[in-house]
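In the working numbering, the protein residues as written are 790 to 954.
Glycine included, each C-beta is placed from N, C-alpha and C at the ideal position.
Keep in mind that this is a model prediction, so the values were computed, not measured.
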């Protein structure tokens, strides 16, 4: 009987100690859960701040990229404008030289033809009125070509001056 009382007391003490240890463990676990939740909220807050800073840096970077692209477009438009001016100058010089040489060759050819026709005119009296009209027309053509050549040169000089101004 003493043994049963002793065992019951021992078991009750053991159970009481177990309950106390269990309650202490539960308290430690609850404190640990509170600590972990605080740590998690701090980490979450820091990650949110990090993400916020990342978005700010990304927006700043994108604005710089946009500025760089707009400056690149401005430089490209200036380069295209300069290239078009150079091409127009080059083409106008080339065309003026080509037209001048063409007019010179044509005038030389017309002069040769006029000389040949004059020689033929002196040789043949039958076709004299017709050939004199042709020679007159040829001389007028040569005069017109020289006037055209002068106008072309003046036009290109005016174009160059207007481009450089």
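(message) Since residue 923 and residue 934 should fall inside the 8 angstroms C-beta cutoff, what is the C-beta to C-beta distance between them, to a whole number of angstroms?
(response) Translated into positions along the chain shown, residue 923 becomes position 134. Translated into positions along the chain shown, residue 934 becomes position 145. So it is not a contact: roughly 16 angstroms between Cβ atoms.
(message) Restricting to runs no shorter than 4 residues, where is the alpha helix (DSSP H) found entirely within the region 927-954?
(response) none
(request) Count the other C-beta atoms from every protein chain shown that fall within 10 angstroms of the C-beta of residue 903, then say buried if there are 16 or more, exposed otherwise. (result) On the chain shown, residue 903 is found 114 positions in, with the first residue counted as 1. Classification of residue 903: buried, given that the 10 Å Cβ count is 16 or more.
(request) Can you tell me the Cβ-Cβ gap for residue 941 and residue 881, rounded? I've got them flagged as a contact below 8 angstroms. (result) Taking the first residue of the chain shown as position 1, residue 941 is located at position 152. Taking the first residue of the chain shown as position 1, residue 881 is located at position 92. The pair is not a contact, with the Cβ atoms about 10 angstroms apart (cut-off 8 angstroms).
(message) So, under 8 angstroms CB-CB, residue 931 and residue 896 are touching, yes? Tell me the CB distance rounded to an integer number of Å.
(response) Walking along the chain shown from the start, residue 931 turns up at place 142. Walking along the chain shown from the start, residue 896 turns up at place 107. About 5 angstroms; that satisfies the 8 angstroms criterion.
(message) Taking a contact to mean a Cβ-Cβ separation below 8 angstroms, would you say residue 885 touches residue 943 in this structure?
(response) Here residue 885 is taken as the residue at index 96 of the chain shown, counted from 1. Here residue 943 is taken as the residue at index 154 of the chain shown, counted from 1. The answer is no: Cβ separation not under 8 angstroms.
(request) Using beta-carbon positions only, say whether residue 899 and residue 865 come within less than 8 angstroms of one another. (result) For this step, residue 899 is matched to residue 110 along the chain shown. For this step, residue 865 is matched to residue 76 along the chain shown. No, the pair does not count as a contact, with Cβ atoms beyond the cut-off.
(message) To the nearest angstrom, how far is the alpha carbon of residue 830 from that of residue 855?
(response) In the chain shown, residue 830 corresponds to position 41, counting from 1. In the chain shown, residue 855 corresponds to position 66, counting from 1. Straight-line Cα distance between these residues: approximately 37 angstroms.
(message) Taking the straight line between their C-alpha atoms, what separation do you get for residue 810 and residue 839?
(response) Reading the chain shown from its first residue, position 21 is the one you call residue 810. Reading the chain shown from its first residue, position 50 is the one you call residue 839. Using only the alpha carbons, I get a separation of about 42 angstroms.
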